[in-house]
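Residue numbers (full-length UniProt numbering): 1 to 599. Just so it is clear, CB atoms sit at the ideal spot from N, CA and C, and this is done for glycine as well. As structure tokens, the structure follows; a few thoughts come after it.
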Amino acid sequence: MFQDFEQKSSPEAGPPRLAALRAVMAKTGLQGFFVPRADAHQGEYVAECDARLAWLTGFTGSAGFCIALEGCAGVFVDGRYRLQVRAETDPAAFTPVDWPEVQPADWLRAALPQGGRLGFDPWLHTRDEIARIEAGLTGSGIELVPSANLVDAIWADRPAPPVAPARIHPIAIAGEDGAAKRARMAEALRGAGLRAAVLTLPDSICWLTNIRGADLPRNPLVQAFAVLHDNARLTIYSDPAKFGPALRNHLGAEVTLRPVSGFAPGLRSLIGPVLVDPATAPLQVARELTEEGVEIRWAPDPCLLPKARKNAAEVAGMVEAHLRDGAAMAEFLCWLDAEAPKGGLDEITVVERLEAFRAATGCLSDISFDTICGAGPNGAIIHYRVSRASNRKVRPGELLLVDSGAQYPDGTTDITRTLAVGEVPTEARAPFTRVLQGMIAISRIRWPRGLAGRDLDPLARAALWRAGLDFDHGTGHGVGAALCVHEGPARLSRISEIPLEPGMILSNEPGYYRAGEFGIRLENLVLVEAAEKIGDGRDQLCFRTLTFAPIDRRLIDIGLLSPGERAWLDAYHAEVLAKIGPRVSAPTRAWLEAACAPL
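Okay, structure coming up:
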């Protein structure tokens, strides 16, 4: 069992730890200290040794930060975590702050006196992040001060960094060998007049070298830094114990392994110009280079777009992974449909059985994130994680939201279904149907090349907007091929300016959440493809759905659907039955036929 249900949050520990942090702040002449969720790699998941935000505040969400001042401490979270942060932190010590509506610079202007000094660890913040805050503080007299990490100074039993063995990602699944990828990236560097690129994102390094690891939960990553040179040589900075003889042979003579302690000296020895990503690299990278006079060129990580544009082998692996996962989901949904109305299930049991069905495929490497299984009002907590303390009965007459995914050797999955338990709550039908309409709108759209996620995001919300409703998260995120379930740079959101390109895989997941009552979300993964030319032959793109699992027809208000929407849903369910039916047991096949019958 990959997921555990222990209470990760310790709200009662927050006040004494905050007091200890303030004592260290006073000794160092700081009036505040910035505690991010991020580690030095800016990943969504962090190792236990890097979970400083959770250790200090109790908040365990995957995004957010705390600004601790002498007289107050704000925990900044976005719309996904507004309920969770209030449940996991001590209100006497920490004040939840709605971010990005409230920007840290504005909050600091109101809370920190002129001349105040706010410390931050430059290994945990990017140049862009610090520059935005400093711009907002112009004229305030407030100073951001690079500092040693003060949380580490008071965290006496801080765990050791992970040292999990790395493994080879086979060429049959990767579709291109590491040497060819490095040559391609190096050619781009030379074309831009660059001598090297600093890589700080582990998924970029894993993709570039065709390796995978287990340093972090849920993501098959090797924690590492790297420098790619214009001659296609690569230097990886990571714990050498992770790299056995077979892996070293796989990497080849053009790849050099060095310990993490050599990263900063290695940066100082580079000859510029050197590419550094201002949005993902730690500010300390620039500080090391600048100290030695090395010219910096600020530009995105050169691996981001090539990694996002999956090749034919990666797409084939993702397709197979989703068919395998679809069969496991069908077995699970059949079981749940029979057992849930009896009233004997709870959220933990549901999570355990779902993981067991995936494990029964014989291919499960890990889950791709902790399963979100929210019964009734828990479904309204967008990133709810069940613990033994929060575990709730799955009660007839309520909704159950299940958002889950798997890591297989050939692909990564992410699927959400919202299900009726027994008698359908009447008040949920209309919002459920409007969420479904949003998913269908994204699934059906054709668009001219060059549009970005922000151009498509409104389509997922239009049906909700017509009823005065909305949801406080993006419509979709990029997904890696046997990599991270959340992958950049493209997204379906109001702020994403990255053009969508063939080969990109994204989630399509509109939702609606009524606090204290229920949550609704539907999610499929979709692949960007070139659309068949019609009309005057313009180049257009479209989405191909990769996820195959029935949508709960009992929750649909058919009267709200247009003929085109009904036709799409019937065609989708026919495809689910055709693709998944042959892969499941006879009882599940019979259940699937009923679940996928035309409206």
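Inset, instruction - Leaving out five residues on either side along the sequence, give the residues of the same chain with a beta carbon under 7 Å from the beta carbon of Arg52. - result: In the sequence shown, the residue the question calls residue 52 occupies position 52. Result list for Arg52: Val35 and Val151, in chain order.
Inset, instruction - Quick one: residues in its chain with C-beta nearer than 7 Å to the C-beta of Ser140, no 5 flanking neighbours on either side, listed in chain order? - result: Residue 140 sits at position 140 when you count from the first residue of the sequence shown. If we look at Ser140 and ignore the five residues flanking it on each side, its Cβ neighbours are Arg109 and Gln114.
Legend entry - Simplified DSSP assignment, three categories, for Pro113: Sequence index remark: in the sequence shown, residue 113 carries index 113 (1-based). The answer is coil: DSSP assigns Pro113 none of H, G, I, E or B.
Legend entry - Host beta strand (DSSP E) of Cys66 (start-end): As a position in the sequence shown, residue 66 is number 66, starting the count at 1. Boundaries of the beta strand (DSSP E) around Cys66: Phe65 to Leu69.
Inset, instruction - Return the chain-ordered list of same chain residues with a C-beta closer than 7 Å to the C-beta of Gln284, the five sequence neighbours on each side being excluded. - result: Position 284 of the sequence shown holds residue 284. If you ignore the 5 residues before and after Gln284, its C-beta comes within less than 7 Å of the C-beta of Pro122 and Trp123, all in its own chain and listed in chain order.
Inset, instruction - Check whether the Cβ of Leu283 lies closer than 9 Å to any Cβ atom in chain B. - result: Protein chains in the displayed structure number just one, and chain B is not present.
Inset, instruction - Please classify Asp403: is it buried, with 16 or more other beta-carbons within 10 angstroms of its beta-carbon, or exposed? - result: As a working note, residue 403 is residue 403 in the sequence shown. Burial call: buried.
Inset, instruction - Ignore the nearest five residues each way along the sequence and tell me which others in Leu270's own chain have a CB closer than 6 Å to its CB. - result: Numbered from 1 along the sequence shown, position 270 holds the residue referred to as residue 270. Cβ within range, chain order: Ala196 and Val294.
Inset, instruction - Return yes when the Cβ of Glu523 is within less than 9 Å of the Cβ of Thr547, no when it is not. - result: Start at 1 with the first residue of the sequence shown, and residue 547 comes out as number 547. Start at 1 with the first residue of the sequence shown, and residue 523 comes out as number 523. Going by C-beta atoms, Thr547 is nearer than 9 Å to Glu523.
Inset, instruction - Decide if the segment 206-224 is in contact with the segment 237-249; the criterion is three or more beta carbon pairs, one per stretch, under 8 Å apart. - result: Touching, yes.
Legend entry - Closest residue to Val222 among Glu143, Arg233 and Ser238 (Cα-Cα distance): To locate residue 222, count along the sequence shown from 1; it is residue 222. Cα-wise, what sits closest to Val222 is Ser238.
Inset, instruction - If I'm right that Phe59 touches Val85 with Cβ under 8 Å, what's the distance once you round it to whole angstroms? - result: By 1-based counting over the sequence shown, the position of residue 59 is 59. By 1-based counting over the sequence shown, the position of residue 85 is 85. That pair is a contact at about 5 Å.
Inset, instruction - Quick one: using the 10 Å Cβ neighbour count with 16 as the cut-off for buried, is Lys342 buried or exposed? - result: Locating residue 342 in the sequence shown gives position 342, counting from the first residue. Using a 10 angstroms sphere on the CB of Lys342, the tally of other CB atoms stays under 16, which defines it as exposed.
Inset, instruction - Within its chain, find whatever has a CB closer than 6 Å to the CB of Ala38; leave out the 5 residues flanking it on each side and keep chain order. - result: Against the sequence shown, residue 38 aligns to sequence position 38. Excluding positions up to five away in sequence, the list reads Leu124.
Inset, instruction - Could you check how far apart the C-beta atoms of Leu255 and Leu234 are, in whole angstroms? I think they sit under 8 Å. - result: Mapped onto the sequence shown, residue 255 falls at position 255. Mapped onto the sequence shown, residue 234 falls at position 234. Checking the sequence, you will find Val at residue 255 rather than Leu. So it is a contact: roughly 5 Å between Cβ atoms.
Inset, instruction - Tell me the start and end of each unbroken alpha helix (DSSP H) in the segment 407-476 that is at least 4 residues and wholly inside, in chain order. - result: The segment 407-476 contains these whole alpha helix (DSSP H) runs: 426-444 and 453-465.
Legend entry - Check whether Gly119 and Leu30 have beta carbons under 9 Å apart: The residue labelled residue 119 in the question sits at position 119 within the sequence shown. The residue labelled residue 30 in the question sits at position 30 within the sequence shown. Going by C-beta atoms, Gly119 is nearer than 9 Å to Leu30.
Inset, instruction - Alpha carbon to alpha carbon, how far is Leu18 from Lys27? Give it in angstroms, no decimals. - result: The sequence position of residue 27 within the sequence shown is 27, counting from 1. The sequence position of residue 18 within the sequence shown is 18, counting from 1. Distance between the alpha carbons of Lys27 and Leu18: 14 Å.
Legend entry - His250 - DSSP class collapsed to helix/strand/coil: In the sequence shown, counting from the first residue as 1, residue 250 sits at position 250. His250 sits in a helix when the DSSP states are folded into three classes.
Inset, instruction - Ignoring anything shorter than 4 residues or poking outside the segment 176-263, list the alpha helix (DSSP H) runs there in chain order. - result: Entirely contained in the segment 176-263, the alpha helix (DSSP H) runs reaching 4 residues are, in chain order, 178-191, 202-209 and 245-251.
Inset, instruction - Could you spell out the range, first to last residue, of the beta strand (DSSP E) harbouring Val584? - result: Within the sequence shown, numbered from 1, the residue matching residue 584 stands at position 584. From DSSP, Val584 is part of no beta strand (DSSP E); its letter is neither H nor E.
Legend entry - Contacts around Ile171, its chain only, beta-carbon distance under 6 Å, and the 5 residues preceding and following it disregarded: Your numbering for residue 171 matches position 171 in the sequence shown. So the list reads Asp177, once near-sequence residues are dropped.
Legend entry - Beta-carbon proximity check, Leu305 vs Pro489, cutoff 9 Å: By one-based count along the sequence shown, residue 305 stands at place 305. By one-based count along the sequence shown, residue 489 stands at place 489. It is a contact, given that the beta carbons lie within the stated cut-off.
Inset, instruction - Please check the pair Thr361 and Arg417, which I expect to be a contact at CB under 8 Å, by giving their CB distance rounded to whole angstroms. - result: Reading the sequence shown from its first residue, position 361 is the one you call residue 361. Reading the sequence shown from its first residue, position 417 is the one you call residue 417. In this structure Thr361 is not in contact with Arg417, their Cβ atoms being roughly 18 Å apart against a cut-off of 8 Å.
Legend entry - Ala327 (DSSP reduced to helix, strand or coil): Taking the first residue of the sequence shown as 1, we reach residue 327 at position 327. Here Ala327 carries a helix assignment [DSSP, helix/strand/coil].
Inset, instruction - Pull up the DSSP beta-bridge partners for Gly79, would you. - result: One-based indexing of the sequence shown puts residue 79 at position 79. According to DSSP, Gly79 bridges with nothing at all.
Inset, instruction - Please list, in chain order, all residues of the same chain as Arg461 whose beta carbon is under 8 Å from its beta carbon, the five residues on each side excluded. - result: As a first step, residue 461 must be located in the sequence shown, where it is residue number 461. The residues are Gly438, Asp470, Phe471, Thr475 and Pro510.
Legend entry - Cys363 in three-state terms, based on DSSP: Here the question's residue 363 lines up with position 363 in the sequence shown. It is coil, neither helix nor strand.
Legend entry - Supposed contact pair Gly374 and Leu401 - C-beta distance, whole angstroms, cut 8 Å: Position 401 of the sequence shown, counted from the first residue, corresponds to residue 401. Position 374 of the sequence shown, counted from the first residue, corresponds to residue 374. Contact check for Leu401 and Gly374: beta-carbon distance about 5 Å, within the 8 Å limit, so the pair qualifies.
Legend entry - Helix, strand or coil at Lys393 according to DSSP, with G and I counted as helix: As a first step, residue 393 is located in the sequence shown; it is residue number 393 there, counting from the start. Here Lys393 sits in strand by DSSP.
Legend entry - Bridge partners - Gln540, DSSP secondary structure assignment: Taking the sequence shown and counting its residues from 1, one reaches residue 540 at position 540. According to DSSP, Gln540 bridges with Pro448.
Legend entry - Endpoints, the alpha helix (DSSP H) within which Gly14 is located: Here the question's residue 14 lines up with position 14 in the sequence shown. Annotation: the continuous alpha helix (DSSP H) that includes Gly14 extends over Gly14 to Lys27.
Legend entry - Buried or exposed (CB count within 10 angstroms, at least 16 for buried), Ile534: The count along the sequence shown starts at 1 and reaches residue 534 at position 534. When all chains shown are included, Ile534 counts as exposed.
Legend entry - Contacts around Asp346, its chain only, beta-carbon distance under 7 Å, and the 5 residues preceding and following it disregarded: Counting from 1 along the sequence shown, the entry for residue 346 is found at position 346. Once the five neighbours on either side are set aside, the close Cβ partners of Asp346 are Asn391, Arg392, Lys393 and Val394.
Legend entry - Reduced DSSP secondary structure (H/G/I, E/B, other) of Arg86: In the sequence shown, residue 86 corresponds to position 86, counting from 1. Collapsing the DSSP output to three states places Arg86 in a helix.
Inset, instruction - Would you kindly work out how many angstroms separate the C-alpha atoms of Val77 and Leu569, rounded to a whole number? - result: As a position in the sequence shown, residue 77 is number 77, starting the count at 1. As a position in the sequence shown, residue 569 is number 569, starting the count at 1. Approximately 36 Å, taken between the alpha carbons.
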